[in-house]
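Below is one structure, written out as structure tokens, with a few remarks after it.
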Amino acid sequence: MEYQIRPLQKSDNRKAFESGHADLDHFFKRYAGQNQFRHHVGVSYVATDDNTIFGYLTVAMGNIEVGEFQEKKSLPLNYPLPILRLGRLAVDNRYQGQGVGKQLLRYALMLALQQRDTVGCVGIVVDAKPETIKYYTKYGFQLIGEPLEGQIKVNPSPEPMFLSIRNSIMR
Ligand SMILES: CC(C)(COP(=O)(O)OP(=O)(O)OC[C@H]1O[C@@H](n2cnc3c(N)ncnc32)[C@H](O)[C@@H]1OP(=O)(O)O)[C@@H](O)C(=O)NCCC(=O)NCCS
Numbered sequence: 005m006e007y008q009i010r011p012l013q014k015s016d017n018r019k020a021f022e023s024g025h026a027d028l029d030h031f032f033k034r035y036a037g038q039n040q041f042r043h044h045v046g047v048s049y050v051a052t053d054d055n056t057i058f059g060y061l062t063v064a065m066g067n068i069e070v071g072e073f074q075e076k077k078s079l080p081l082n083y084p085l086p087i088l089r090l091g092r093l094a095v096d097n098r099y100q101g102q103g104v105g106k107q108l109l110r111y112a113l114m115l116a117l118q119q120r121d122t123v124g125c126v127g128i129v130v131d132a133k134p135e136t137i138k139y140y141t142k143y144g145f146q147l148i149g150e151p152l153e154g155q156i157k158v159n160p161s162p163e164p165m166f167l168s169i170r171n172s173i174m175r
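For the sequence shown, our numbering assigns the number 5 to the initial residue and increments by one for each residue that follows.
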């Protein structure tokens, strides 16, 4: 499978994309374009051979309060810390398990490094679905807030996870 990773273009055909997660597919087909081209609140990048879209990720600028962190020691306390927010990541289910997700994550890290060198960035924050916590842990992401002991969650909600640029193992 040969593909490049590049920003979503208006002409890209998103209709056939199916990751198996209705919310991720719906976002991609319905909102990714207008968020990027009209509202400028985030940018999606696609892994594509210009025919088929194998996967996508969506990023936005964000920041995080230092109080939300466990590893506070080396960070300045008086500022919100700039991060790259990885809003969504999905691979078409016909192409999962072939490294596309990994390449998209690597690309997100490259964007975070560019952001670090141009406007400042301490790392990447992703809102991980409970079933993908293991996936992100594999690449060095850490849960930001441990759930309180004994806390019962009726609806599993996304868990924010952080990958420090300094500690990243993906470079
Ligand atoms: C999760 C997802 C993005 C991974 O992309 P992918 O292209 O299938 O993954 P890769 O082929 O790059 O896999 C890289 C490694 O992660 C592992 N992996 C894949 N999905 C995993 C999961 N849910 N949990 C733990 N490990 C996982 C693979 O086994 C592989 O391990 P290896 O390198 O040791 O062989 C993709 O499966 C997907 O889109 N799933 C549905 C949507 C989703 O859950 N998105 C995340 C939103 S937070």
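All C-beta atoms, glycine included, are put in the ideal place defined by N, C-alpha and C. Computed from a prediction, not measured in an experiment: that's the story for all the values here.
- By a beta-carbon distance limit of 8 Å, Ser23 contacts Asp96. Their separation comes to about 6 Å.
- For Thr141, the shortest separation between its Cβ and any heavy atom of ligand 1 does not lie below 6 Å.
- Per DSSP, Ala112 is one residue of the alpha helix (DSSP H) stretching across 104 to 122.
- Spatial neighbours of Ile169 in its own chain (CB-CB distance under 7 Å, excluding positions within 5 residues in sequence) are listed in chain order as Ala116, Leu117, Arg120, Cys125, Val126, Gly127.
- For Leu88, the uninterrupted beta strand (DSSP E) segment begins and ends at 85 to 95.
- Counting C-beta pairs with one atom in each stretch, the stretch 45 to 54 and the stretch 98 to 115 have three or more that are closer than 8 Å, which means they touch.
- Taking the Cα of Lys133 as reference, the smallest distance to any Cα among Leu90, Leu85, Ala112 is reached at Leu90.
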